[in-house]
Amino acid sequence: MAKFQGVDYFKLDDQYSEEELMVRNMVREFVEKEVLPIIEGHHREATFPMELAGKMAELGLFGSNLPEKYDCAGLNNVAYGLIMQELERGDSGVRSFASVQGALVMFPIYEYGSEEQRQEWLPKLASGEKIGCFGLTEPDHGSDPGGMVTRAEKQGDEYVLNGAKMWITNGTIADVAIVWAKLDGVVRGFIVPTDIPGFTAPEMKGKFSLRASVTSELVLKDVHIPRENILPEIKGLRGPLSCLTQARYGIAWGAVGSAMATYETALNYAKERIQFDKPIASFQMVQNKLVTMVTEITKAQMLVYHLGRNKDEGKMQHQMVSMAKMNNVKIALDTARAARDILGANGILDEYPVIRHMLNLESVYTYEGTHDIHRLIIGADITGIEAFK
Ligand SMILES: Cc1cc2nc3c(=O)[nH]c(=O)nc-3n(C[C@H](O)[C@H](O)[C@H](O)COP(=O)(O)OP(=O)(O)OC[C@H]3O[C@@H](n4cnc5c(N)ncnc54)[C@H](O)[C@@H]3O)c2cc1C
44 MAKFQGVDYF KLDDQYSEEE LMVRNMVREF VEKEVLPIIE GHHREATFPM
94 ELAGKMAELG LFGSNLPEKY DCAGLNNVAY GLIMQELERG DSGVRSFASV
144 QGALVMFPIY EYGSEEQRQE WLPKLASGEK IGCFGLTEPD HGSDPGGMVT
194 RAEKQGDEYV LNGAKMWITN GTIADVAIVW AKLDGVVRGF IVPTDIPGFT
244 APEMKGKFSL RASVTSELVL KDVHIPRENI LPEIKGLRGP LSCLTQARYG
294 IAWGAVGSAM ATYETALNYA KERIQFDKPI ASFQMVQNKL VTMVTEITKA
344 QMLVYHLGRN KDEGKMQHQM VSMAKMNNVK IALDTARAAR DILGANGILD
394 EYPVIRHMLN LESVYTYEGT HDIHRLIIGA DITGIEAFK
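Below, the structure is given as structure tokens:
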């Protein structure tokens, strides 16, 4: 297969700094060499390619926008976004692994943890020595996490946690879980080592999406953790929601990578596949599909580029992230479906990456705030009227 050339219809590459391009190209090469050759096998077997974790850590891909003081790469948010884009061109599950580790585990410890917690955990999470997960969603509370029933109770020098979480990425393979639970009716974050008595994380089976990613339940039954394991600097739902803003930011970039993968596959295929004595790329209806794909990818690239610059300048609002996540995942899913169509019957074979991306994106469309929840967030922002309830 020809080497990936990138999709850059509006010469956006001219806007990136040398460092940003260097980081992007490094991850692009990593994905070409290390991810693409093995990912279909893992997708088929429904296993996460754990062998990639150490290599990703070596390249500084975990929490790469956090400070060097904690052994992180200290990159700006555009470079961070480009990393997510390239990882998801490989597979949404690989990007999810890095998103959870960085945005949902390292970020809350960095932002809301004590200095001791940062010193203890961040270098180990950056090096991949420890793997983390983020437990917010519960069986009966998905889009409405404020209704969570997981509880923490103070007993002497300890907190005792009881409850259950569901759909938790990396749960079974994690060494540490950031668990959100109500303490005296207020949502708080807790750092929970997963080898502690009372904690179990059975893997959820039967997924037909994000198959190369571990998804788990977390069961907490009288889990005693020391008092120092609470995140001291945050109270209320704003804690987990602000982590989700960080992760959604990465998803908005990642979706562009997935769309680039399926568009490139469809374009190459259409140029080579002969029907009625001509390449199918010569038919107007096929061109129409390809043009829609590249136009939507270009618009999505602009959105995340400006989002990233705004984030670096401290001007990003969470509603902007909602718009980028909502739009980019939708266009990535539409692009994958159109690519599947252009490949005809071959579109359902895992010999091509298209069906895998298409299935993955069904999860990405739902997790980290469903498509419609993001519409409601933007709707509330522009009208001043909340329509959630
Ligand atoms: C593969 C995978 C990995 C995940 N990883 C994690 C993880 O690591 N950590 C974690 O905490 N969670 C994780 N999740 C959970 C994910 O964030 C939730 O699935 C998501 O928030 C949606 O919740 P739900 O599935 O319960 O859907 P529901 O909330 O039940 O929503 C079902 C439907 O109802 C709609 N809906 C709900 N409320 C409204 C409303 N007010 N107005 C209009 N429509 C509404 C939704 O848009 C959706 O279409 C993961 C999910 C998946 C699939």
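Sequential numbering from 44 applies to the sequence shown in the working numbering.
Using N, Cα and C, we set each Cβ at its ideal position, and we do this for glycine too.
Is the beta carbon of Tyr52 less than 9 Å from the beta carbon of Thr341? yes
Would you grab the beta carbon distance between Ser406 and Leu253 for me? Rounded to a whole angstrom, and I think it's under 8 Å. 5 Å
Would Trp223 and Leu168 be called neighbours here (beta carbons separated by less than 9 Å)? no
Here's the rule: buried if 16 or more other CB atoms are within 10 angstroms of the residue's CB, otherwise exposed. What is Lys358? exposed
Own chain partners of Ile126 with C-beta closer than 7 Å, once the 5 adjacent residues on each side are dropped: Val66, Val70, Leu104 and Ser107
Burial state of Ser135, where buried means 16 or more other Cβ atoms lie within 10 Å: buried
Taking only beta-carbon positions, decide if Glu158 is within less than 9 Å of chain B. Checking the listed chains, one finds no chain B in this structure; it contains a single protein chain.
Runs of 3 residues minimum, wholly inside the region 248-295: which ones carry the beta strand (DSSP E) assignment? 258-269
CA nearest to the CA of Leu109, picked from Leu79, Ser139, Val148 and Gln128: Val148
Evaluate Glu433 with the Cβ neighbour count: other Cβ atoms within 10 Å of its Cβ, from every protein chain shown; 16 or more gives buried, anything less gives exposed. A query on residue 433 cannot be resolved here, the shown segment of the chain reaching from 44 to 432 and no further.
C-beta atoms of Ser256 and Phe91 nearer than 9 Å: yes
Span separating the alpha-carbon of Gln360 from that of Ser325: 44 Å
With Leu434 and Ala423 assumed to form a contact (beta carbons below 8 Å), what rounded beta-carbon distance in angstroms separates them? Here the chain covers residues 44 to 432 and nothing more, so residue 434 does not appear.
Please report the distance separating the alpha-carbon of Lys368 from that of Gly232. 25 Å
Cα-Cα, which of Asp114, Ala244, Met328 and Val347 is closest to Pro166? Asp114
Can you tell me the Cα-Cα spacing of Glu63 and Val337, whole angstroms? 23 Å
Express the C-alpha separation of Arg399 and Thr378 in angstroms, rounding to a whole number. 13 Å
Residues that DSSP places opposite Val229 in a beta bridge: Leu226
DSSP bridge partner residues for Glu201 (one or two, in chain order): Gln198 and Pro269
So, is Pro283 buried or exposed, given that buried needs 16 or more other C-beta atoms within 10 angstroms? buried
I need the straight-line Cα distance from Tyr408 to Met303, nearest angstrom please. 17 Å
Val50 and Val137 - do their beta-carbons sit closer together than 9 Å? no
Runs of 3 residues minimum, wholly inside the region 106-183: which ones carry the beta strand (DSSP E) assignment? 175-178
My output table needs one value for Glu246: the three-state DSSP class, helix, strand or coil. strand
Start-to-end residues for the alpha helix (DSSP H) that takes in Pro80: Leu79 to Glu88
Is Leu90 close to ligand 1? I mean its beta-carbon at under 8 Å from any heavy atom of the ligand. According to the sequence as given, residue 90 is Thr; it is not Leu. Every heavy atom of ligand 1 is 8 Å or more from the Cβ of Thr90, so no.
Need the endpoints of the alpha helix (DSSP H) that Lys432 sits in, please. Segment: none, Lys432 is in no alpha helix (DSSP H) and carries neither H nor E.
Could you check what DSSP says for Gly206 in three-state terms: helix, strand or coil? strand
Any heavy atom of ligand 1 closer than 8 Å to the Cβ of Glu411? yes
Look up Ala217 in the DSSP assignment and say whether it is helix, strand or coil. coil
Among Leu386, Val372 and Gly297, which has the Cα closest to the Cα of Tyr312? Leu386
Three or more C-beta pairs closer than 8 Å, one from the region 255-269 and one from the region 84-100: is that the case here? yes
Buried or exposed, going by whether 16 or more other CB atoms sit within 10 Å of the CB of Ala382? buried
Would you report the Cα separation of Ile234 and Asp57, rounded to the nearest angstrom? 42 Å
Cβ separation of Leu261 and Pro151, assumed to be a contact under 8 Å, to the nearest whole Å: No, Leu261 and Pro151 are not in contact; Cβ-Cβ is about 16 Å, not under 8 Å.
For the alpha helix (DSSP H) containing Lys358, list its first residue and its last residue. Looking at the DSSP string, Lys358 is not in any alpha helix (DSSP H), and its letter there is neither H nor E.
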